[in-house]
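>
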Amino acid sequence: MRSKQDSYDVVVIGSGAAGIAAGLTAVQNGRSVLLLEKGKTTGGSSNYTEGLFAINSYLQKAKGIHIKATDVLSEEVNYSKYKADSRIWRNYINSSAENVQWLHDQGVEFEGVQAMGAGEATWHIYKGMGHGVIHDVLQPKFVEQGGEVLTLTRAIKLTRQADGRLRVTLRDHQSGDKYDVLARAVVLASGGYLNNSKMIIEETDYDESRLVPVSSGKGTGDGLRMAWNIGAQKYGTGMAMLFGGYLRDENEPSYKMMASQMNTAAGQQPLLWVNQDGERFVNEEVVYNFSLAGNALYTQSQVFSILDQGVIDKMAVDGNFMGLGIYVKRGQKMDQLQAEIDQALADKKSFIYKADTIEELAEQMNLPVEKLVATIQRYNQFADQGNDGDFGKDPQYLQKVAQGPFYGFHLNVGAFCTMGGLKVTPANEVIDNKAHVIPGLYAAGNDASGLVGDTYGPNMPGTCVGYAFYSGRNAAHHIDEYLK
């Protein structure tokens, strides 16, 4: 299917939160807009998001939650080691309440506002997850108000025209035909490059073989490469939003593990982790900051979590210590955990081990038997004493590994997205290699740099998708000024 027109005011590349926010805002500003999606369905990885960041929103005010804007700004730029752009953060924070209000005004319903882990209550949870927000509310409104959506159509090239417009070369997935459309402005919102193994290897320090992308699978860096090819400045690559331990099932799509109680029990609890040498290597409370947990896992060549039957039974009755977003909530009773473990063992999944003794478990996991036995004996002594003499873990998480059978889980590192690649102004204008704005070219969401350093800051949950909505709208507002 071809586009209805040969020329538009705005072409938006990518239909996730950033793209649909940019497209709808531009349409509401009276502009002709073409929204491009290379896949069959719109929404990208934003479909799986749970909620967005804001402070001083109507929901927080109703709950009496007050968070000072400059405190958030200071924490986030410090967390980034000042690699984040303070101006971008300031504008995003100051617009965040209005961002939530705009979504509400479009028809998005919110379930409430909450914290994640040890963070602040900034996470505004929407009903129906991101899929409902985009497919039930924003996209229908975009189309009703005159926007055009083109799926199964990939943007493959950008060319700057002498008259100031941008030529976008498109390829129809079904026919293979290539053709061009002209745009007075283009918004790149293609979602980063987490699903491009070559770019992960080239642009980051992560071991790609251990990284488990939990996303739509469509973040292949298309927008970044097109922009770099016309002189956009490469900036801020190298960061992925890690979220700690994750089980890899070679026979299932990675996202299916998100709702697994077994996955949450194995990878997200502040219990016992050991490395390839059978040694503890970190205070496992790091799980309460999921980005740092991912970094901690990467310090070792391999990581295993070890649970005994006692702690499995305890979590079934009393609830888990730490959840995984709203998929498996914090404190939730793990009533399906044993059944999921038994099924994984019956299916001979490669990530799980079970034994009646620690010695046998070590042999199954190919770990040094004497070392693992010594590690667990030392850990159990700390539990008896109520004092972690190695890493200082809170005594409530020193759960003894003493009641068989014993279970081992091979942990990989989960990741939701990459963030960065194009240097942008606070107006989300793309900057070239000479530090000049490329007229008419904008980047939003995970294609834009300026929000993070080498790690995502999860203490203010929802900042990634919140920035996607904000930056898409911000780009559209400045496009309106540019076109005038």
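The opening residue of the sequence shown carries number 125 in our numbering; numbering runs sequentially from there. We put the CB at the ideal spot given by N, CA and C, even for glycine. Here the structure is a predicted model, which is why all the values come from computation and not from measurement.
1) Label Ile325 either buried or exposed according to how many other C-beta atoms from any shown protein chain fall within 10 Å of its C-beta, with 16 as the threshold for buried.
2) How close, in whole Å, do the beta carbons of Val336 and Val537 come, if the pair is a contact with beta carbons under 8 Å?
3) Just to confirm, is the Cβ distance from Ala568 to Gly596 under 9 Å?
4) Three-state secondary structure (DSSP) at Arg371?
5) Which residues bound the alpha helix (DSSP H) around Pro264?
6) With burial defined as no fewer than 16 other Cβ atoms inside 10 Å of the residue's Cβ, what is the status of Lys205: buried or exposed?
7) Can the beta-carbon of Gly254 be found closer than 9 Å to that of Glu233?
8) With burial defined as no fewer than 16 other Cβ atoms inside 10 Å of the residue's Cβ, what is the status of Pro582: buried or exposed?
9) Using a Cβ-Cβ cut-off of 7 Å (strictly less than) and excluding sequence neighbours within five positions of Gln238, which residues of its own chain qualify?
10) Answer with buried or exposed for Met386, where buried requires no fewer than 16 other C-beta atoms within 10 angstroms of its C-beta.
11) Closest to Leu565 by CA distance: which of Ser181, Asn223, Met350, Ser198 is it?
12) Which residue from Leu197, Asp437, Leu546, Lys457 puts its Cα closest to that of Thr587?
13) Since Asn536 is in the beta strand (DSSP E), which residue starts that stretch and which ends it?
14) Taking the CB atoms as reference points, tell me whether Glu272 and Val406 lie closer together than 9 Å.
15) Closest to Asp578 by CA distance: which of Gly544, Leu607, Asn552 is it?
16) Looking only at DSSP bridge pairs, what is Thr293 linked to?
17) Flag this pair as touching only if the stretch 544-562 and the stretch 163-171 have three or more C-beta atom pairs under 8 Å; answer yes or no.
18) Report the three-state DSSP secondary structure of Gly516 (helix, strand or coil).
19) Go through its chain and collect everything with a Cβ distance to Ala417's Cβ below 6 Å, but skip five positions before and after it.
20) Could I get the ranges of all uninterrupted alpha helix (DSSP H) runs contained in the stretch 128-170, with 4 residues as the minimum, in chain order?
21) Taking the DSSP output, what are the residues bridged to Glu553?
22) From which residue to which residue does the beta strand (DSSP E) around Glu235 run?
23) Just mark Phe515 as buried or exposed, buried being the case when its beta carbon has 16 or more other beta carbons within 10 Å.
24) Once DSSP output is grouped into helix, strand and coil, what is the label at Gly175?
Once the coordinates are examined:
1) For this step, residue 325 is matched to residue 201 along the sequence shown. A residue is called buried once 16 or more other Cβ atoms fall within 10 Å of its Cβ, and Ile325, having fewer, is exposed.
2) As a working mapping, residue 336 is identified with position 212 in the sequence shown. As a working mapping, residue 537 is identified with position 413 in the sequence shown. The C-beta distance from Val336 to Val537 rounds to 7 Å, short enough to meet the 8 Å contact threshold.
3) Your numbering for residue 568 matches position 444 in the sequence shown. Your numbering for residue 596 matches position 472 in the sequence shown. Here Ala568 is near Gly596, since their CB atoms are less than 9 Å apart.
4) Numbered from 1 along the sequence shown, position 247 holds the residue referred to as residue 371. In the sequence on display, residue 371 carries Leu and not Arg. Coil.
5) Residue 264 sits at position 140 when you count from the first residue of the sequence shown. That run of the alpha helix (DSSP H) goes 263-268.
6) Taking the sequence shown and counting its residues from 1, one reaches residue 205 at position 81. So Lys205 counts as exposed.
7) Residue numbering aside, residue 254 sits at position 130 when the sequence shown is read from its first letter. Residue numbering aside, residue 233 sits at position 109 when the sequence shown is read from its first letter. Going by C-beta atoms, Gly254 is not nearer than 9 Å to Glu233.
8) Working through the sequence shown from its first residue, we reach residue 582 at position 458. Note on Pro582: 16 or more other CB atoms within 10 angstroms of its CB, so buried under the neighbour-count rule.
9) Walking along the sequence shown from the start, residue 238 turns up at place 114. The answer, listed in chain order, is Ala245, Trp247, Ile249.
10) Working through the sequence shown from its first residue, we reach residue 386 at position 262. By the 10 Å Cβ count, Met386 comes out buried.
11) Sequence index remark: in the sequence shown, residue 565 carries index 441 (1-based). Out of Ser181, Asn223, Met350, Ser198, Met350 has the C-alpha closest to the C-alpha of Leu565.
12) Along the sequence shown, one-based indexing puts residue 587 at 463. Thr587 has its Cα closest to that of Leu197, out of Leu197, Asp437, Leu546, Lys457.
13) Numbered from 1 along the sequence shown, position 412 holds the residue referred to as residue 536. Taken as a continuous stretch (DSSP letters only), the beta strand (DSSP E) holding Asn536 covers 530-542.
14) Taking the first residue of the sequence shown as position 1, residue 272 is located at position 148. Taking the first residue of the sequence shown as position 1, residue 406 is located at position 282. Annotated as distal: Glu272 and Val406, with beta-carbon spacing of 9 Å or more.
15) Counting from one through the sequence shown, the residue named residue 578 turns up at place 454. Closest in alpha carbon position to Asp578, among Gly544, Leu607, Asn552, is Gly544.
16) Taking the first residue of the sequence shown as position 1, residue 293 is located at position 169. According to DSSP, Thr293 bridges with Lys281, Asp304.
17) Here the stretch 544-562 makes no contact with the stretch 163-171; the two share fewer than three CB pairs at distances below 8 Å.
18) As a position in the sequence shown, residue 516 is number 392, starting the count at 1. Gly516 sits in coil when the DSSP states are folded into three classes, being neither helix nor strand.
19) Taking the sequence shown and counting its residues from 1, one reaches residue 417 at position 293. Non-local beta-carbon contacts of Ala417 in its own chain, meaning distances under 6 Å to residues more than five positions away in sequence, involve Gly368, Val410, Val411 in chain order.
20) Annotation note: the stretch 128-170 contains the following uninterrupted alpha helix (DSSP H) runs of length 4 or greater, listed N- to C-terminal: 141-152.
21) The residue given as residue 553 occupies position 429 in the sequence shown. Glu553 is bridged to Tyr566.
22) For this step, residue 235 is matched to residue 111 along the sequence shown. Counting along the chain, the beta strand (DSSP E) containing Glu235 begins and ends at 234-238.
23) Reading the sequence shown from its first residue, position 391 is the one you call residue 515. Around the beta carbon of Phe515, fewer than 16 other beta carbons sit within 10 angstroms, so the residue counts as exposed.
24) One-based indexing of the sequence shown puts residue 175 at position 51. Reduced to three states, the DSSP call for Gly175 is strand.
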